[in-house]
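Novice: The structure follows.
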Amino acid sequence: MITAGLDVGHQSINGVILDDGKIIAHLSLKLAGEVNASATVAFEKLLSRAKLKPAKIDHLFATGVGREKVAIANGHRTEMLCHLKGAHRLFPGARTVIDAGAEGIRILKGDDRGNLIHFVLNDKCAAGTGIFLETVALMMKVSLAEMGPLSLRSAGKILLTSTCAVFAESEIVGQIHRGASRDDILHAVHESVALRIALLARRIGIEPQVVQTGGVARNIGVVEALRRNLELDIHVPENPELMGALGAALLAQNSAGGKT
Amino acid sequence: MITCGIDVGSLTAEAVILRNQGLLAYSLIPTGPDSAATAREALEEALQKIRIRPQEIELTVATGYGRVVVPFAQKNISEISCHARGAHYFFPGARTVLDMGGQDCKVIRCDEKGKVTNFMMNDKCAAGTGRSLEVMAGLLQIRLEDIGPLSLRNPGPPLKISNTCVVFAKTEVLALARQGVPLSQILGGICDGVAEQVKTLVRRVGLEEEFMISGGISKNIGVVKRLEQKLGVKSHICFEPQIVGAVGAALFAMDFLQKAPSGPV
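So the sequence lines, in the order shown, correspond to chains R and V. Here the first sequence is numbered in the working numbering, starting from 1 and rising by one per residue. Here the second sequence is numbered in the working numbering, starting from 1001 and rising by one per residue.
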């Protein structure tokens, strides 16, 4: 059975095609323009990567904030369910999944079968989200990919005290004026992002294993800071931003009668 | 008796010179990176307007978030106390004071002597503070002082900005502008959002009349009108709402002098 999952987020679209539970194609695209049109384009690209005709797909599920706008999907599931399912597929021991994306943080708790037990989310405030990291990258004139490795060079000499991303921006400007180094500032930024995530995670309790999904998990600086803060190892999939789409494809398979 | 009050805030600094409760002079300048230098500058600017030498000032009290670094101040007092005291100076009937500043927002309840009885503040989140209006003015490329008047030109139903967070609201506002929503309507939504945030804080402390507003945002008619509507009260605003804290500080300086009429304080 061939199923697919499309995860339409705030800033990106991720897609996965499964053949009896095995990933045969995946993609990540920047979201451009209207949601449904973008999703259709993304799905076509995904199909061509898998060298499949649309009719070959038995079932397609959408997830993410834009999930309800994806007309080609056979159904949709919340990103909470999907991220947990995806993470659990790769790390069967996962009990806590931290999904940190462009505009929100979600902490998901699951059981040994990958069922969602409990979750807590912050989608009201930009503190600790990917959009804040993007702003900082622009300010410090580094790429998102460089931020993590650069920050690891710092010994952590400075501390950012603002919660609000808007106030943190002015605090960073202040630090630049005071002569703080780029690496020290990036380190402090990652510490503050990790603190926001950790505070949210502590609200529902953290049970190992912990898996981090979503685009922010690509930033090694944040992951390391989170490891220090939670005093736990954090598992990061090779493609953390694909976990929602993978989960959606797995749930599609389940719903179409296949075994997961 | 001549005293001075200095209020070093996050975005602006004010100096006030009082002689026996009478306001002699004041200044209002943007806060620079060096708070001590900013305080000195504010004092010099106030003194320039009157024929008084710095030595004639008998006591200086500093307030505001930079109050501990004012080199020439003998005392410092929290901005909460100073705002209540300053509010009482301008409007003795004031029992609830809302101070809407650059980086925070405070609601202060006070008694008939201008003493603080309760307060609550938001300094964690930029929503509802002056900073959010500055961000939006920059985004829409208009002057900060034009936001209020322009926002009142919108005759249609009020537009809701659904995001509270300033970072997310920026994206929303940009999208609205691109869709061709009129500027006045967008600004109406922005002012309404600030008023809504502030209203929640006022309600949490409880509103007792008379109601006074101080701080930079009280110069924004768009926010003030909407807030008055939401709360169902009229507000008092003095001729220069940004000096209320500094006036309070100068009044406390006078108290100190009267309690210790001779010798150093």
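All C-beta atoms, glycine included, are put in the ideal place defined by N, C-alpha and C.
Starting from residue 1149/V, trace the alpha helix (DSSP H) both ways and give me its first and last residue.
Specialist: On the second sequence, position 149 is the one that residue 1149/V refers to. It spans 1147-1151 - the alpha helix (DSSP H) in which residue 1149/V sits, taken as one unbroken run.
Novice: Hey, does residue 165/R have any beta-carbon neighbour from chain V nearer than 7 Å?
Specialist: Here residue 165/R is taken as the residue at index 165 of the first sequence, counted from 1. Closer than 7 Å to some Cβ of chain V, the Cβ of residue 165/R qualifies, so yes.
Novice: Compute the distance between the beta-carbons of residue 71/R and residue 62/R, then report whether it is under 7 Å.
Specialist: Taking the first sequence and counting its residues from 1, the one referred to as residue 71/R is at position 71. Taking the first sequence and counting its residues from 1, the one referred to as residue 62/R is at position 62. No.
Novice: Mapping the DSSP letters down to three states, classify residue 149/R as helix, strand or coil.
Specialist: Mapped onto the first sequence, residue 149/R falls at position 149. In this structure, residue 149/R counts as helix in the three-state DSSP scheme.
Novice: Does residue 1264/V have its Cβ less than 7 Å from a Cβ in chain R?
Specialist: Sequence index remark: in the second sequence, residue 1264/V carries index 264 (1-based). With a pLDDT of 44 at residue 1264/V, under the threshold of 50, the modelled position of this residue cannot be trusted, and the question is left open.
Novice: In the structure shown, what three-state DSSP assignment does residue 1030/V receive?
Specialist: The residue labelled residue 1030/V in the question sits at position 30 within the second sequence. Residue state, collapsed to three classes: strand.
Novice: How is the alpha helix (DSSP H) around residue 184/R delimited, first residue to last?
Specialist: If you number the first sequence from 1, residue 184/R lands on position 184. Its alpha helix (DSSP H) spans residues 182-204.
Novice: Check each candidate in 149/R, 247/R and 254/R and name the one with the smallest Cα separation from residue 217/R.
Specialist: Reading the first sequence from its first residue, position 217 is the one you call residue 217/R. Nearest of 149/R, 247/R and 254/R to residue 217/R, Cα basis: 149/R.
Novice: From the DSSP output, read off the bridge partner residues of residue 115/R.
Specialist: For this step, residue 115/R is matched to residue 115 along the first sequence. In DSSP, residue 115/R forms no bridge with anything.
Novice: For chain V, check one thing: does any of its Cβ atoms lie closer than 7 Å to the Cβ of residue 201/R?
Specialist: The sequence position of residue 201/R within the first sequence is 201, counting from 1. Chain V, which has no Cβ nearer than 7 Å to the Cβ of residue 201/R, makes this no.
Novice: Quick one: what's residue 211/R bridged to in DSSP?
Specialist: Start at 1 with the first residue of the first sequence, and residue 211/R comes out as number 211. BP columns for residue 211/R point to 97/R and 235/R.
Novice: Identify the contact partners of residue 1135/V in chain R, using a Cβ-Cβ distance below 7 Å as the criterion.
Specialist: Position 135 of the second sequence holds residue 1135/V. Simply 166.
Novice: Looking at the secondary structure, which residues open and close the beta strand (DSSP E) in which residue 10/R lies?
Specialist: For the purposes of this step, residue 10/R is taken as residue 10 along the first sequence, with counting starting at 1. Neither: residue 10/R is in no beta strand (DSSP E) and is coded neither H nor E.
Novice: I'd like the span of the beta strand (DSSP E) that includes residue 105/R, first residue to last.
Specialist: Position 105 of the first sequence, counting from 1, holds the residue named residue 105/R. Note, residue 105/R: beta strand (DSSP E), 105-110.
Novice: Would you check if there are 3 or more beta carbon pairs closer than 8 Å linking the stretch 248-259 of chain R to the stretch 1066-1075 of chain V?
Specialist: With a cut-off of 8 Å, the stretch 1066-1075 of chain V and the stretch 248-259 of chain R do not count as touching, because too few Cβ pairs lie within range.
Novice: Applying the criterion that 16 or more other CB atoms from any shown protein chain within 10 Å of the CB defines a buried residue, is residue 1180/V buried or exposed?
Specialist: Within the second sequence, residue 1180/V is the residue found at index 180, counting from 1. Result: exposed.
Novice: Which of helix, strand or coil does DSSP assign to residue 157/R?
Specialist: Taking the first residue of the first sequence as 1, we reach residue 157/R at position 157. It is coil, neither helix nor strand.
Novice: Quick one, which of 16/R, 222/R and 115/R has its alpha-carbon nearest residue 239/R's?
Specialist: Numbered from its first residue, the first sequence carries residue 239/R at position 239. The shortest Cα separation from residue 239/R among 16/R, 222/R and 115/R belongs to 16/R.
Novice: Need the endpoints of the alpha helix (DSSP H) that residue 1186/V sits in, please.
Specialist: Translated into positions along the second sequence, residue 1186/V becomes position 186. It spans 1183-1205 - the alpha helix (DSSP H) in which residue 1186/V sits, taken as one unbroken run.
Novice: Please confirm if the stretch 53-67 of chain R is in contact with the stretch 3-19 of chain R, defined as three or more CB-CB distances below 8 Å between the two stretches.
Specialist: In short, these stretches touch, since the Cβ pair count reaches three.
Novice: Note down, in chain order, all residues in the stretch 20-40 of chain R with a beta-carbon under 7 Å from any beta-carbon belonging to chain V.
Specialist: Residues passing the 7 Å Cβ filter: none.
Novice: Is residue 13/R close to chain V, meaning its C-beta is less than 7 Å from at least one C-beta of that chain?
Specialist: Reading the first sequence from its first residue, position 13 is the one you call residue 13/R. Cβ-Cβ to chain V under 7 Å: no for residue 13/R.
Novice: By Cβ distance below 8 Å, which residues in the same chain neighbour residue 1031/V in space, the five residues on each side in sequence not counted?
Specialist: Translated into positions along the second sequence, residue 1031/V becomes position 31. 1008, 1009, 1010, 1011, 1012, 1013, 1038 and 1066.
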